[in-house]
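Read through the structure below, which is laid out as structure tokens, and then see the notes.
In this note's numbering, the protein residues as written are 95 to 433.
So, in structure tokens, the structure goes:
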């Protein structure tokens, strides 16, 4: 269905700047703007304001926002419940599409997002509905990371005291004072990890996806959960290559004419945390899985750089992870080492 109503929303922690444009035959209406609180009450007022200007939240409407992490979560849930098309775009994609643009504020940004929706209506793909359990998992993973950082920070501090030439009595007292904090954080970490496992088991779709992912050699418990969360249960990516590109493991050309002839290399725009996890998965697979061990040794003998081989293995792992989920089948290892 051709869209008639285009809404651009600039999302911040406390406010929503909303601008809409109506397509009237061969012309566009004048953009209208209003600011609302980024709260459930604010969303209801926004809906009422749009209705006053005869802008229905229906199939004829499409809204565009930039990805702002947790701050757009309430808005995403609101549009998902109303089954209205919402496109969560990368901020860089929106910025680069504007060309040369001067000045910036929330009101102007919302207008630019509305115009972006008008110009790219035929290309925009609505973001799938927010999965509630994925939101819980994301928050638990974030909490887990914070606890690990705190444990690492305190533990490192204790170790440094032992090698800093400080008196043994002071070091012993410091360790005694800090140990209860470390023990408490470790107990909290265990509880968080238990909650993560319980959350996965509650939802059949999540649990089935998780079980299939961990059948892929090298993919572990945490990496599987990260893949589920970052892809919204594999609904945000349409292909394995797209997911691999998001993870930052796809090499791209870097050349132009006869003067620029760079090497194939991965792009820095990627999910760095997921990329790091995949790096550890690749190392594990080389150590424990004959196929990847054989592949690594063969490429090494050909003169390939170690990091280049590791990146190729990371790419293979992502493609296989995507395949087992989309085909709804566990991974089958058919590798046979040739003597």
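From the three backbone atoms N, C-alpha and C, an ideal C-beta is built for every residue, glycine too.
Inclusion of residue 119 and residue 143 in the CB contact set at 8 Å is not warranted, their separation being larger than that value.
The DSSP-derived three-state label of residue 188 is helix. Straight through space, the alpha carbons of residue 213 and residue 378 are spaced by roughly 47 Å. Residue 166 is positioned such that its CB atom lies closer than 8 Å to that of residue 182.
Judged by DSSP secondary structure, residue 392 falls within the alpha helix (DSSP H) whose first and last residues are 384-395.
If you look at residue 110, you'll find it in the beta strand (DSSP E) that goes 109-118. Contact check for residue 303 against residue 327 passes: the beta carbons are separated by less than 8 Å.
By the CB criterion at 8 Å, residue 215 and residue 125 fall outside the cutoff. Here the alpha carbon of residue 241 sits roughly 6 Å from the alpha carbon of residue 279.
Shown here, residue 347 sits in coil according to DSSP, grouped into three states, outside any helix or strand.
Sixteen is the threshold: when 16 or more other Cβ atoms of the shown chains lie within 10 Å of the Cβ of residue 312, as they do, the residue is buried. Across the structure, residue 224 and residue 231 are spaced so that their CA atoms are roughly 12 Å apart. Residue 285 and residue 202 have their C-alpha atoms some 45 Å from each other.
Here the stretch 340-353 makes no contact with the stretch 391-401; the two share fewer than three CB pairs at distances below 8 Å.
In the three-state DSSP reduction, residue 380 falls in the helix class (H, G or I). By the Cβ test, the stretch 185-198 is not in contact with the stretch 236-253, since fewer than three Cβ pairs between them sit closer than 8 Å.
Going by C-alpha positions, residue 334 is about 15 Å away from residue 425. Using a Cβ distance threshold of 8 Å, residue 283 and residue 245 count as a contacting pair. Annotation for residue 136: the continuous alpha helix (DSSP H) segment containing it runs 134-146.
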